[in-house]
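Asks: Structure incoming, see below.
Residue numbers (the numbering used here): 1 to 320.
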């Protein structure tokens, strides 16, 4: 058993309290490799923002659970080397079983999500409660979910939205003991969220109704990439074949982050930024074969994207 505290990590409890009170959201950025981790830490140190390093089940399999543990510990030391000791959470994104959550806790995760949103309500409650009871023994925070997001990302997929029902949230939170709640109010997983002509819209009315029922309780938004059109155009300019798609407008996310939404998940935008940078190198320098010469620019582009998100979308700059 590895305690996250021995790795220099923190859980999300105090961070969320401050975020709810301060009207901003903590960035939750997914990573699978070293360059992504470097970009996240560089951006958040420069912006003096707390950060949640997110690892999906697929990323954990890809990178290896032992390497993830040491990369998280390295991230803490790396931030200090860069000159600012920002609070860092290591979080399991979309855990789908008690066994996976337990394993992550044993390998040093400071926060886990148990996603039982696809289950019947009572089964979701029972599974979430089981994870909470184990996690809290180790001072690890737990995120649950009510409602289903459409879209595809890693091993999570659904055809259509099922909006969170505000009348269920009080019962769910009290029965499970979760520390935060992911809700479905119109965000969507993956890069292909909405077709041009559709109007992407976060259901702020549902969010505000939930806030009334569980005032001050930390709310989480998944699937909150904005699919920047300039980055999509750059990918296609350099040989990509991305279909037309639009994401969640950043001004809507900024509005949501001023409420009880204190964690916003962003993954696809980062993937798009890195892909654009790599494709550009491959086209402009076809003779290049050193991975550092294309992963380096990809890391730099990702860092700039995340600095923008921290300052202009989440409002967490200066809050570390």
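Note that beta-carbon positions come from the ideal geometry of N, C-alpha and C, so glycine has one too.
The model shown is predicted, which means the values in this text are computed figures rather than measured ones.
1. Considering only C-alpha positions, which residue in the set 131, 311 and 174 is nearest to residue 141?
2. Quick one, are the C-beta atoms of residue 227 and residue 176 less than 9 Å apart?
3. Between which residues of its own chain and residue 250 is the CB-CB distance below 6 Å, once the five residues before and five after are set aside?
4. At the level of alpha carbons, what is the spacing between residue 52 and residue 127?
5. Quick one: grab the DSSP three-state call for residue 72.
6. Taking C-alpha atoms, which residue in 281, 307, 220 and 298 lies nearest to residue 16?
7. With distances taken Cα to Cα, identify the nearest neighbour of residue 38 among 62, 80 and 243.
8. Only counting runs of 3 or more residues, tell me where the beta strand (DSSP E) segments fall wholly within the region 2 to 82, in order along the chain.
9. Any contact between the region 229 to 240 and the region 269 to 277? By contact I mean 3 or more CB pairs, one from each, below 8 Å.
10. For the structure I just gave you, are there three or more beta carbon pairs, one from the region 285 to 299 and one from the region 164 to 181, closer than 8 Å?
11. DSSP three-state label for residue 107, please.
12. How many Å lie between residue 54 and residue 282 at the Cα?
13. Reducing DSSP to helix, strand and coil, say where residue 287 ends up.
14. Quick check on residue 319: buried or exposed, where buried means 16 or more other Cβ atoms within 10 Å of its Cβ?
15. Identify the residues that DSSP records as bridge partners of residue 272: which are they?
16. So which of 110, 248 and 257 has the shortest CA-CA distance to residue 2?
17. So the alpha helix (DSSP H) residue 231 belongs to, where does it begin and stop?
18. Apart from the five residues just before and just after residue 85, which ones in its own chain have a Cβ nearer than 7 Å to its Cβ?
19. Based on the DSSP secondary-structure assignment, which residues constitute the bridge partners of residue 91?
20. Using DSSP bridges, identify the partner residues of residue 182.
21. Is the beta carbon of residue 207 closer than 9 Å to that of residue 183?
22. Can you tell me which of 6, 108, 71 and 24 puts its alpha carbon nearest to the alpha carbon of residue 261?
23. To the nearest whole angstrom, what separates the beta carbons of residue 35 and residue 305, a pair I think is in contact under 8 Å?
24. Please check the pair residue 147 and residue 115, which I expect to be a contact at CB under 8 Å, by giving their CB distance rounded to whole angstroms.
25. From this set, 307, 69, 98 and 276, which residue's C-alpha is nearest residue 135's C-alpha?
Replies: By the coordinates alone:
1. 131
2. no
3. 226 and 313
4. 24 Å
5. helix
6. 220
7. 80
8. 26 to 30 and 51 to 56
9. yes
10. no
11. strand
12. 29 Å
13. coil
14. buried
15. Note: residue 272 sits in no beta bridge, so no partner.
16. 110
17. 229 to 237
18. 79
19. 54 and 111
20. 145 and 220
21. yes
22. 24
23. No, residue 35 and residue 305 are not in contact; Cβ-Cβ is about 13 Å, not under 8 Å.
24. The pair is not a contact, with the Cβ atoms about 11 Å apart (cut-off 8 Å).
25. 98
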